[in-house]
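Q:
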Amino acid sequence: MIRSVIRGVGHYLPDRVVPNEWFESFLDTSDEWIVSRSGIERRHFAAEGQPTSDLAIRAARAALGNAGIEADAIDAVIVATSTPDLTFPATATIVQAGLGMTCGFAFDVQAVCAGFIYALANADSLIKSGQAERVLVIGAETFSRIMNWEDRSTCVLFGDGAGAVVIERAEGDGSNADRGILATDLHSDGRYREILQVSGGVSASRTTGHLMMAGKEVFRHAVEKLAQTTTDVLAKAGLTPAEIDRVVPHQANIRIITRTAQKLGLPMEKVVVTVADHGNTSAASIPLALSVAAARGELRTGDLVVTEAIGGGLAWGAVALRW
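In this note's numbering, the protein residues as written are 59 to 381.
Below, the structure is given as structure tokens:
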């Protein structure tokens with residue numbers, strides 16, 4: 059059986075580190091308030107004039123270096139982002155050019171915080187169908203560009219960053235002991251689009267708009283749906299939550315991460331947590347956390363790893379893979 063195996067990981071964070079105290083000068087908030095409700099202590103903001111593609115290119119180069127391959131060995135580039143450089147062309151094509159690639163193909167995926175899960179599932183399909191041997195999958199965001207700085211309930215939660223993985227075709231025996239992606243599980247429900255959205259767009263308003271979120275509603279849906287999609291993706295692979303070695307969740311809020319782990323019966327020792335240092339980086343969240351966890355030595359060859367995320371749409375899903 060053809061499997062899609064992660065060969066390399068990498069990430070990039072902008073130089074500017076923004077601690078919680080920064081918000082105290084213009085908002086009725088405090089470090090204690092932010093930490094108690096989100097677990098976030100700091101985040102990174104892109105520099106003035108630094109587009110999403112720049113973050114993506116830097117993360118991609120790190121992943122290629124980690125994999126020990128050149129950009130010309132990549133057949134496809136997929137960028138998951140909700141904050142593209144331009145309306146078009148796709149940010150992925152800008153990344154493709156920035157990496158010096160003159161072959162292959164590139165496209166964007168827009169599923170907000172679930173974007174990397176969707177992109178990884180698409181990359182897996184490209185490999186299994188024979189359309190690509192190696193795919194560079196990137197999550198990159200500059201959410202600081204769409205914040206309403208008067209809304210303390212949202213603007214303190216998000217940060218900028220990028221993460222990337224190189225996945226390539228490998229042969230497996232078809233069992234759930236194979237290395238690589240074992241199963242994917244994707245969902246969306248547009249009935250809930252208004253509880254997490256941006257108030258602008260090319261067609262609707264000709265403006266960029268600002269992020270708006272009904273926090274309590276999002277929290278409720280997040281815990282329920284993340285636990286269910288994790289259970290479902292494992293079932294597809296013939297596995298159970300008890301067999302998980304590591305969960306790499308979307309780093310949105312420590313309370314969501316903790317509550318979901320409890321619902322699955324998993325100890326927090328099995329959960330990769332980076333939210334304190336990065337905030338919610340949307341589609342960049344999971345690949346960024348994968349790269350950090352790999353650098354920390356928290357991911358070992360043969361580990362059963364599950365990644366799961368939910369974002370605007372609502373869109374959510376999970377991937378089960380053997381590291």
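Backbone N, C-alpha and C define an ideal beta-carbon position, used for all residues, glycine too.
Compute the Euclidean distance between the alpha carbons of Leu379 and Ala241, then round it to the nearest angstrom.
A: If you take the alpha carbons of Leu379 and Ala241, they lie about 7 Å apart.
Q: Return the residue from the list Arg74, Leu362, Thr318, Asp182 that minimises the CA-CA distance to Glu282.
A: Thr318
Q: If you follow the beta strand (DSSP E) that Trp374 is in, where does it begin and where does it stop?
A: For Trp374, the enclosing beta strand (DSSP E) covers residues 373-380.
Q: Per DSSP, Glu226 is paired with what?
A: Answer is Val63, Arg192, bridged to Glu226.
Q: If I measure Cβ to Cβ from Ala150 and keep anything under 7 Å in the same chain, skipping five residues before and after, which residues do I get?
A: Val135, Ile136, Val137, Ala164, Phe165, Asp166
Q: Excluding sequence positions up to five away, which residues of its chain have a Cβ less than 6 Å from the Cβ of Leu113?
A: The residues are Tyr70, Ala198, Ala220.
Q: According to DSSP, Gly267 sits in a beta bridge with which residue or residues?
A: DSSP, once it has assigned bridges, lists no residue as partnering Gly267.
Q: Taking the CB atoms as reference points, tell me whether Ile127 and Leu215 lie closer together than 8 Å.
A: Against a cut-off of 8 Å, the Cβ pair of Leu215 and Ile127 comes out as no contact.
Q: Quick check on Ala295: buried or exposed, where buried means 16 or more other Cβ atoms within 10 Å of its Cβ?
A: buried
Q: Roughly how far, in whole angstroms, is the beta-carbon of Ala342 from the beta-carbon of Ser202, given that I think they are within contact range, below 8 Å?
A: With a Cβ gap of about 12 Å, Ala342 and Ser202 do not count as contacting.
Q: Can you tell me the Cβ-Cβ gap for Trp381 and Ile175, rounded? I've got them flagged as a contact below 8 Å.
A: Not confirmed; about 17 Å, so no contact.
Q: Just verifying my parser: in three-state terms, what is the DSSP assignment at Leu85?
A: coil
Q: If distances are taken between C-alpha atoms only, which option among Asp130, Pro325, Gly107 comes closest to Met159?
A: Here the closest residue by C-alpha is Asp130.
Q: Of the choices Glu90, Gly369, Ser187, whose alpha-carbon is the least far from that of Val276?
A: Checking every option, the nearest Cα to that of Val276 belongs to Gly369.
Q: Are Pro109 and Asp73 closer than 8 Å when you measure CB to CB?
A: Not in contact: Pro109 and Asp73 (Cβ atoms no closer than 8 Å).
Q: Apart from the five residues on each side of it in sequence, which residues of its chain come closer than 6 Å, Cβ to Cβ, to Thr365?
A: Val306, Ile344, Val377, listed in sequence order.
Q: To which residues of the same chain is Gly273 closer than 7 Å at the C-beta, ignoring the five residues directly before and after it?
A: Ser211
Q: Rounding to the nearest angstrom, what Cα-Cα distance links Ser187 and Ser94 in this structure?
A: Taking the straight line joining both Cα atoms gives about 46 Å.
Q: Are the beta-carbon atoms belonging to Ala179 and Leu244 less than 8 Å from one another?
A: With contacts defined by Cβ atoms closer than 8 Å, Ala179 and Leu244 form a contacting pair.
Q: For Glu327, which three-state DSSP category applies?
A: helix
Q: Which residue's Cα is closest to the Cα of Thr87: Met326, Ser233, Glu208, Gly173?
A: Checked all of Met326, Ser233, Glu208, Gly173; the closest Cα to Thr87 is Glu208.
Q: Looking at the unbroken beta strand (DSSP E) that takes in Gly369, where does it start and where does it end?
A: 362-369
Q: If you follow the beta strand (DSSP E) that Gln168 is part of, which residue opens it and which one closes it?
A: No beta strand (DSSP E) contains Gln168, which DSSP labels as neither H nor E.
Q: I'd like to know whether the C-beta atoms of Ala268 and Val256 end up nearer to each other than 8 Å.
A: Going by the sequence as given, residue 268 is His instead of Ala. In this structure, Val256 lies closer than 8 Å to His268 by Cβ.
Q: Taking C-alpha atoms, which residue in Gly68, Leu85, His102 lies nearest to Asn338?
A: His102
Q: Thinking just about the alpha-carbon of each residue, which of Ile92, Val75, Asn78, Ile60 is nearest to the one in Arg313?
A: Ile92
Q: Could you pull the DSSP bridge partners for Pro383 from this structure?
A: Residue 383 lies beyond the stretch modelled for the chain, which goes from 59 to 381, so this question has no answer here.
Q: Which value, in whole angstroms, describes the spacing of the CA atoms of Leu346 and Gly173?
A: 13 Å
Q: Among Val333, Ile132, Ala351, Val330, which one has its Cα closest to the Cα of Arg227?
A: Ile132
Q: Would DSSP call His308 helix, strand or coil?
A: coil
Q: Relative to the C-alpha of Gly66, which candidate in Asp361, Leu348, Glu356 has its C-alpha closest?
A: Leu348
Q: Tell me which residue opens and which closes the alpha helix (DSSP H) that Thr149 is part of.
A: 149-156
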